[in-house]
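S.K.: A single structure is presented below for examination.
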Amino acid sequence: MTAPAHEQGAALLTVLIIVGIIAALAVASFERLRLATLLGGNAGGQEQARSFAGVAEALVAVRIDDLLAASPARTTLAGGWQGREQVLPLPGGLARATVRDGGNCFNLNSLVTGTPPDGLVTRPLAVEQFQRLMAALAVPAGDARRIAAAAADWIDSDSTPNPDGAEDSVYARAATPYRTANTLMAEASELRAVAGVTPALYARLRPWLCALPETELSPINVNTLVPAQAPLLEMLFPATLGAPAARAVIGERPQAGWTQVEAFWNTPTLRDYEPPGDVLRQPRVKTGWFALDLGLVVGDSELRESALVDARVPPARIASRRWTRDE
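Quick note on our numbering: the sequence shown kicks off at 0 and runs consecutively.
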C-alpha cells in the first residue's frame with residue numbers, strides 16, 4: 000500500500016531519523032570497543048612491565064650484594080655507585096636504575112620506640128633530632144617544634160597529645176575529618192597528613208626524610224655522606240655543631256672511609272664533643288638500606304618504581320615498593 004503523497008515526506012523523515020539513531024549507536028559501540036581494546040592492551044603492557052621490573056629488581060639486588068661483598072666491613076662511595084644511572088637491558092626494552100644510600104635520612108619511625116600496634120611510645124631524643132634537622136633547613140623554630148611533636152603523636156599508640164603535638168581531636172576539626180594512624184608510617188609521604196605540615200614545608204623536608212620499617216634511630220652512614228648532607232650530622236648534636244663544622248667532619252673523612260665508628264668520633268673536629276650514649280652508636284660505617292629508583296620502557300609501556308632495599312642480611316631484598324616516583 001502506497002502512502003498518500005502528503006505523508007511521504009514524513010515517512011522519509013522518520014526513516015532518516017531511525018537510520019541516524021542506528022548510525023550513532025554503531026559509532027558509540029565501535030568507540031567503546033576501541034577503548035576496551037586499548038585499555039586491555041595497556042593493562043597487558045603494564046603487567047608485562049611489572050614482570051620485567053621484578054627482573055630489574057633482582058639484578059639490582061645482586062649488584063648491591065656484590066658491592067657489600069667487595070667491602071664487608073664498610074660501605075663507601077668508591078666506584079661512584081651512588082646516584083649513577085645504570086642501564087639494564089630487558090627483552091623488548093630496558094630499565095634505568097639509580098641506587099643511593101637509603102639510610103642517610105631522618106627515619107620518621109624513629110620518633111617512637113617499641114612495637115606496633117599497641118606498644119609505640121614517643122622517643123624524645125628522635126623528636127629533638129627532627130627539630131634540629133628542621134632548624135638546619137631553616138624551618139622556623141615554632142613550626143619545627145609543633146611538626147616534630149605532631150609527627151610523634153601521629154605514630155605513637157596513645158591518644159594523649161605531646162606538648163605542642165596533635166591527636167585525633169585536632170584532626171576531627173578538619174574540613175574532612177580523619178584520625179591519626181597510631182602505627183608506623185609506611186612511607187615518608189604520610190607526613191603530609193600531619194598537623195602543621197604545609198605543601199611548601201613538605202617539599203623542603205622531603206629529600207631528608209625516610210620511613211624505614213623499624214624504629215631504630217636514623218642509621219647515618221658517615222662513609223657515604225656528601226658535604227651537602229651536613230644537616231644530617233648537625234641533627235645529632237644538641238645545637239653545638241654548626242653547618243661549617245659538619246661539613247669539615249665530612250671533609251676529614253679518609254679517602255678509603257672510616258674503618259670503625261670510633262675512628263669517626265676521633266676526627267679532629269669531633270674530639271671535643273660528647274654525644275649521648277644512644278647517639279654515640281647511631282653513626283655507621285656500613286649501609287644496610289638502599290633506595291632504588293627504577294624506570295622501565297617495554298614496548299609501548301612505561302613504568303616508574305621506587306623501592307627500599309633491605310641489605311642488612313644477604314641476600315638483599317625489596318622491603319617496600321611503590322609504582323611511581325618517590326614523593
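Where is the CB? At the ideal position from N, CA and C, for every residue including glycine.
Keep in mind the model is a prediction, meaning the values are calculated, not measured.
1. Using CA atoms only, rank isn't needed, just tell me which of V54, G287, E186 is closest to R311.
2. So for L232, helix, strand or coil by DSSP?
3. Please report the Cβ distance between P282 and I249, rounded to the nearest whole angstrom; I am assuming they are in contact, meaning their Cβ atoms lie under 8 Å.
4. Does the distance from the C-beta atom of L110 to that of A135 stay below 7 Å?
5. Please list the terminal residues of the continuous beta strand (DSSP E) segment that includes L295.
6. Which residues mark the beginning and the end of the alpha helix (DSSP H) in which D157 is found?
7. Quick one, which of T114, N108, V54 has its alpha-carbon nearest E128's?
8. Give me the DSSP bridge partner(s) of C209.
9. Please work out which residues of its chain come closer than 8 Å, Cβ to Cβ, to N41, disregarding the five sequence neighbours upstream and downstream, and give them in chain order.
10. Rounded to a whole number of angstroms, what is the C-alpha to C-alpha distance between S70 and V98?
11. Give a yes or no on whether the C-beta atoms belonging to F289 and G101 are separated by under 7 Å.
12. Contact between the stretch 80-95 and the stretch 158-169: three or more CB pairs below 8 Å?
13. At which residues does the beta strand (DSSP E) containing L87 begin and terminate?
14. Could you work out which residue in R122, T121, C209, V54 is closest to R95 when comparing CA atoms only?
15. According to DSSP, simplified to helix, strand and coil, what is E301?
16. Between which two residues does the alpha helix (DSSP H) containing D271 stretch?
17. Straight-line CA distance for T258 to N265?
18. Taking the beta strand (DSSP E) that A94 falls in, what are its first and last residues?
19. Just the C-alpha distance for I146 and Q130, rounded to the nearest angstrom, thanks.
20. Exposed or buried, what is T36 when buried is set at 16 or more other beta-carbons lying within 10 Å of its beta-carbon?
21. State the Cα-Cα distance for the pair L293 and I317, rounded to the nearest angstrom.
22. Looking only at C-alpha atoms, which of C209, S50, L269 sits nearest to E233?
23. Looking only at its chain, what residues have a beta carbon closer than 8 Å to the beta carbon of Q81, apart from the 5 residues adjacent to it on each side?
24. Does any CB atom of chain C fall closer than 7 Å to the CB of R122?
25. Compare the C-alpha of W153 against each of D142, T13, V297, T179 and name the closest.
26. Put S345 into one of helix, strand or coil per three-state DSSP.
27. Give me the Cα-Cα distance between A245 and G298, rounded to the nearest whole angstrom.
28. Measuring CA to CA, which of P253, A229, Q254 is closest to A242?
29. Is the stretch 179-191 in contact with the stretch 207-219, if contact means three or more CB pairs nearer than 8 Å?
30. Go ahead and label G256 buried or exposed: buried means 16 or more other beta carbons lie within 10 angstroms of its beta carbon, across all protein chains shown.
M.R.: For this structure:
1. The residue given as residue 311 occupies position 312 in the sequence shown. Among V54, G287, E186, the Cα nearest to that of R311 belongs to G287.
2. By 1-based counting over the sequence shown, the position of residue 232 is 233. Here L232 sits in helix by DSSP.
3. Within the sequence shown, numbered from 1, the residue matching residue 282 stands at position 283. Within the sequence shown, numbered from 1, the residue matching residue 249 stands at position 250. 12 Å between Cβ atoms; not a contact.
4. Here residue 110 is taken as the residue at index 111 of the sequence shown, counted from 1. Here residue 135 is taken as the residue at index 136 of the sequence shown, counted from 1. Not in contact: L110 and A135 (Cβ atoms no closer than 7 Å).
5. The sequence position of residue 295 within the sequence shown is 296, counting from 1. From DSSP, the beta strand (DSSP E) with L295 extends over 288-297.
6. Sequence index remark: in the sequence shown, residue 157 carries index 158 (1-based). Where D157 is concerned, there is no enclosing alpha helix (DSSP H), given that its DSSP letter is neither H nor E.
7. Here residue 128 is taken as the residue at index 129 of the sequence shown, counted from 1. Glu is not the amino acid found at residue 128; the sequence shown has Gln there. When each option's Cα is compared against that of Q128, the closest is N108.
8. Looking up residue 209 in the sequence shown gives position 210. C209 is bridged to N106.
9. For the purposes of this step, residue 41 is identified with residue 42 of the sequence shown, where counting begins at 1. The predicted model places N41 with a pLDDT of 46, which falls under 50 and marks its position as unreliable; any figure quoted below should be read in that light. These residues qualify, in order along the chain: S300.
10. Position 71 of the sequence shown, counting from 1, holds the residue named residue 70. Position 99 of the sequence shown, counting from 1, holds the residue named residue 98. Cα-Cα distance, rounded: 17 Å.
11. As a first step, residue 289 is located in the sequence shown; it is residue number 290 there, counting from the start. As a first step, residue 101 is located in the sequence shown; it is residue number 102 there, counting from the start. Yes; because the gap between Cβ atoms is below 7 Å, this pair is in contact.
12. no
13. Taking the sequence shown and counting its residues from 1, one reaches residue 87 at position 88. Start and end: 84-89.
14. Counted from its first residue, the sequence shown places residue 95 at position 96. That would be V54, whose Cα lies nearest to the Cα of R95.
15. The count along the sequence shown starts at 1 and reaches residue 301 at position 302. Reduced to three states, the DSSP call for E301 is strand.
16. Locating residue 271 in the sequence shown gives position 272, counting from the first residue. Here D271 belongs to no alpha helix (DSSP H), and DSSP marks it neither H nor E.
17. Working through the sequence shown from its first residue, we reach residue 258 at position 259. Working through the sequence shown from its first residue, we reach residue 265 at position 266. Roughly 12 Å between the two C-alpha positions.
18. Counting from 1 along the sequence shown, the entry for residue 94 is found at position 95. A94 -> beta strand (DSSP E) spans 92-100.
19. Taking the sequence shown and counting its residues from 1, one reaches residue 146 at position 147. Taking the sequence shown and counting its residues from 1, one reaches residue 130 at position 131. If you take the alpha carbons of I146 and Q130, they lie about 8 Å apart.
20. As a position in the sequence shown, residue 36 is number 37, starting the count at 1. Any answer about T36 is weak, because its pLDDT of 45 lies below 50 and its placement is not dependable; what the coordinates show is given next. Exposed.
21. If you number the sequence shown from 1, residue 293 lands on position 294. If you number the sequence shown from 1, residue 317 lands on position 318. Roughly 13 Å between the two C-alpha positions.
22. Taking the sequence shown and counting its residues from 1, one reaches residue 233 at position 234. Nearest option by C-alpha distance: L269.
23. Looking up residue 81 in the sequence shown gives position 82. Counting only Cβ-Cβ distances below 8 Å, and skipping sequence neighbours, we find V98, R99, D100, T223.
24. Of the protein chains in the structure, only one exists, and it is not chain C.
25. Against the sequence shown, residue 153 aligns to sequence position 154. It is T179 whose Cα lies nearest to the Cα of W153.
26. With the chain covering 0 to 326 only, the question about residue 345 has no answer from this structure.
27. The residue given as residue 245 occupies position 246 in the sequence shown. The residue given as residue 298 occupies position 299 in the sequence shown. The alpha-carbon atoms of A245 and G298 are separated by roughly 47 Å.
28. Counting from one through the sequence shown, the residue named residue 242 turns up at place 243. Nearest of P253, A229, Q254 to A242, Cα basis: A229.
29. yes
30. Indexing the sequence shown from 1 puts residue 256 at position 257. It is buried - the Cβ of G256 has at least 16 other Cβ atoms within 10 Å.
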